[in-house]
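Beneath this line is the structure, given in structure tokens, with notes to follow.
In structure tokens:
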């Protein structure tokens, strides 16, 4: 048969494209040879690169995606290898990486000098080697990096002085040289050389914990500087504090403490620093009057103890600093009675006032601040204690005062032992498991979500923490939430954050142990650690919480124990190029020929006849004779053998048992690729389970929607029935509403959750073929994955409708009391409107956090009886979930109207699920929520610290647990 001229033109065009693009693929396959050579040379200088960087083989780092190497086109632009466990020195032709912009080698065992040829990387913007063992001088050649903006050399062993030429780096905004062994003075411009005063765009000068000496030069500070953090603590500076320091009007944190030799008065203009939040001047020899801090309303930490200030009366600014959390004025010869309003400051936590001359009556009152935890007044002149109302029950130390000599030495506040507070325990994130916690392998830890995994570990060092009361868990819980939210916002596979053992170190840093747990797998991959480490040491992540500024920090990570990888044989550059080119080109040829064939086929056959598809074959392991249930028809689900699942679940051990429902037990398992799964194993001899088993396999294997739980596979082997799902980290909506999971949802997040559920149900009703009625919509079947995406689960009771969507009479009514459609119950006539009724009950449960049916009270009847449409929120305040009380409930009345439409007695009066979706989206817009973003995780009210596992049921209708995961597992 001949072809038309148009067909031949198409053929010629495709052949031409094949030749051109196939050639282009071969040409563009290789990384620039200069970069490949440089990377190989650098790796050669590391003692353990062969084991730690086993994937660095071949000659194409960009094309083969070497771990930690990132490229733009065929040039290496970023190297991020933090916590890779590398040892050795840094040498080789690093200067050949002429397009390199980011170099991060932090948290490795690298030693020796920092090579001067780094100064040839003219495009370098960020250099970070935090927490290594580099030594020697800081190379002056760094001043030749015109684009350098971020330089973090802290926590190494650098010696010598700070190179004055660093002042040439005019784009610098972050300069961290802390925690080294640097000596000499702070360099400033002198007419011949530049100095640090030239860095007017810098926001951070972190020079603490070194051996720097000399005076703090007045030339260092200028009015056009942008500094917000000036850390000069724990050095050997002498002389006075230059008045020019107060030109830094943007300054937020000032640390001059623990130099021990700073003398002279504090500049009187110090109170012009109205943005200052932390002032640390303690442990010096400062003289003159106690500084007047009037007007410094942003201060929350003031620490000036152990200096030689002149004796003074109680200053008036004591009670004027409304943001104050900590006041340390030890051993300063202050005289007078302490003003009672000091104890009422709304955020005050600790008062360290020992070794002064405070006298007379200590009047605390009964309305002292709820945040107050410590008053240390030992070695003063207090003679009387006056506490109004209830006894003051926080820590109060009056040892060494006259009141403890006058027969009151048995009083608690006169006992020195309370200083140590032996009953107090350091904060530690708890793992709350639904039963006995699983037994983890030796290299694994139990996560807060009760899973065993290998976390990324290290220590957070807060250089100027805003709080000193370590007994208040709130600071740490909020930090965990904020860190997880930040990691998830970068699409990193983080399941949970654990903190423990917070303590103040010798330099007055707050040190906290950190563990970051992976989501959906046992270990992080190298790309994950590369990015997490980069976020922490490159200050991409800045911890914060409402009302809390955690201040400057740094992180020291541990080497991560990556999974063993086998290195591929090294190939020559020529062969490597050929393989890549031929593979890519060959794939293109195949695709192109398929396109060509399709074009010609449809030109010849404009009306092709549909051929009947063969039915899925019966599975050898499906023993039809042993049950009346026929073989399910599958689309994509994987068939597991009993032995496979036995191995995956550690022989169905108790340690892997994560819950029990009406169907049977559920076990956690790990696939060979490292993904976590949930294996639901039916109880022996359950005929009801047989029916549900087949139904759930058939339906879940052919419906695919982001708001429906996914089935990985099943097993019908050796008399066993098992369903295999993805593993869920954040439990059920029911557990969130009852507080069992630790996941708290505010109004806006609840709207996102119900929208996701509505979309999933609407898909079943209107897009599935044939349409499906779920028959068991309830809060325990609505699941929340790692990003709080909604998933509808448990299809054991679901029923396909006729193709025309008409109702189908069933022989037995099934569902859960309280959610059950009364029309369906009376007529046994099942339609999609039965699901709409159940969803309406769910909507009411979401705003009340009450069970639909409890002690004879029915939630629908309760809401209708209490409603008053003339009042705010329809007068339903008493029925509302208290967790919603502090938040704005925009759109609430429309929400209630929608719920009541869904629970109309006659099915024909209820809306369709697509109409429900449209109405919820309208409500979300009223509440200021974008309905196109379906994750509920971006909220400070989302707390996933201690979720209860969702695989345990409380009624005979809890057939399946939720199984979604933020990382999708595809069936084989």
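In mature numbering (1 follows the signal peptide of the UniProt record, and there is no 0), the protein residues as written are -24 to -1, 1 to 948.
C-beta: ideal position from N, C-alpha, C; glycine also.
Query, Result
"Quick check on DSSP: helix, strand or coil for residue 214?", "strand"
"Measuring alpha carbon to alpha carbon, tell me which of 358, 347, 129 ends up nearest residue 80.", "129"
"With DSSP as the reference, please indicate the residues paired to residue 437 in a beta bridge.", "487, 530"
"In the structure shown, what three-state DSSP assignment does residue 804 receive?", "coil"
"State the Cα-Cα distance for the pair residue 258 and residue 456, rounded to the nearest angstrom.", "31 Å"
"Check whether the Cβ atoms of residue 101 and residue 126 lie closer than 8 Å to each other.", "yes"
"Identify which residue in 715, 695, 712, 685 has its Cα closest to the Cα of residue 701.", "685"
"Within 8 Å of any Cβ in chain C, is that where the Cβ of residue 885 sits?", "In the structure shown, chain C does not exist; there is a single protein chain."
"At what residues does the beta strand (DSSP E) containing residue 185 begin and finish?", "Premise fails: residue 185 is in no beta strand (DSSP E) and is neither H nor E."
"Per the DSSP calculation, residue 654 is bridged to which residue(s)?", "644, 701"
"So who's on the other strand from residue 749, going by DSSP bridges?", "775"
"Compare the beta carbon distance of residue 98 and residue 74 with 8 Å and say whether it is the shorter of the two.", "yes"
"Let me know the secondary structure DSSP gives residue 834 once reduced to three states.", "strand"
"Give the range of the alpha helix (DSSP H) segment to which residue 726 is assigned.", "723 to 742"
"Is there contact between the stretch 739 to 748 and the stretch 705 to 718, where contact requires at least three CB pairs shorter than 8 Å?", "no"
"If contacts are defined as beta-carbon pairs under 8 Å, then residue 146 and residue 177 qualify, I think. What distance do you get, rounded to the angstrom?", "7 Å"
"Express the C-alpha separation of residue 175 and residue 119 in angstroms, rounding to a whole number.", "12 Å"
"Give me the Cβ distance between residue 680 and residue 532, rounded to the nearest whole Å; I'm assuming they're in contact under 8 Å.", "Not quite, the Cβ-Cβ distance comes to about 45 Å (not below 8 Å), so this is no contact."
"At which residues does the alpha helix (DSSP H) containing residue 164 begin and terminate?", "From DSSP, residue 164 is part of no alpha helix (DSSP H); its letter is neither H nor E."
"Taking Cβ positions, are residue 795 and residue 758 nearer each other than 8 Å?", "no"
"With which residues is residue 415 paired in a DSSP beta bridge?", "Residue 415 pairs with nothing; no bridge assigned."
"Suppose the cutoff is 6 Å on Cβ atoms and the five residues either side in sequence are ignored; what does the same chain contact list for residue 867 look like?", "899, 902, 903"
"In chain order, which alpha helix (DSSP H) runs of at least 4 residues are fully inside the stretch 3 to 50?", "9 to 20, 25 to 28"
"Taking the Cβ atom as the reference point for each residue, do residue 320 and residue 284 lie within a distance shorter than 8 Å?", "no"
"Three or more C-beta pairs closer than 8 Å, one from the stretch 42 to 61 and one from the stretch 503 to 510: is that the case here?", "yes"
"On a CA-only basis, which of 388, 323, 345 is nearest residue 354? Give me that one, please.", "388"
"My understanding is that residue 111 touches residue 135, with C-beta atoms under 8 Å, so please give their C-beta distance in whole angstroms.", "7 Å"
"Give, in chain order, every unbroken run of the beta strand (DSSP E) that is at least 3 residues long and sits entirely within the stretch 59 to 145.", "78 to 80, 85 to 88, 102 to 104, 109 to 113, 126 to 128, 133 to 135"
"Taking the alpha carbon of residue 409 as the point to measure from, which residue in 132, 707, 443 has its own alpha carbon closest?", "707"
"With a threshold of 6 Å on Cβ separation, who are the neighbours of residue 599 within its own chain once the five nearest residues in sequence on each side are excluded?", "Here the model assigns residue 599 a pLDDT of 44, short of 50, so the residue's position is not dependable, and the following value carries that caveat. Excluding residues within five positions, none has a Cβ falling inside 6 Å."
"With 16 other CB atoms within 10 Å as the buried threshold, where does residue 819 fall?", "buried"
"When you compare only the Cα positions, how much space is there between residue 643 and residue 498?", "16 Å"
"Suppose the cutoff is 6 Å on Cβ atoms and the five residues either side in sequence are ignored; what does the same chain contact list for residue 421 look like?", "431"
"When the Cα of residue 653 is compared with those of 854, 896, 907, 616, which residue comes out closest?", "616"
"Spell out a yes or no on whether the stretch 307 to 321 and the stretch 281 to 296 are touching, meaning 3 or more CB-CB pairs, one atom from each, closer than 8 Å.", "yes"
"For residue 893 versus residue 727, is the C-beta distance shorter than 8 Å?", "no"
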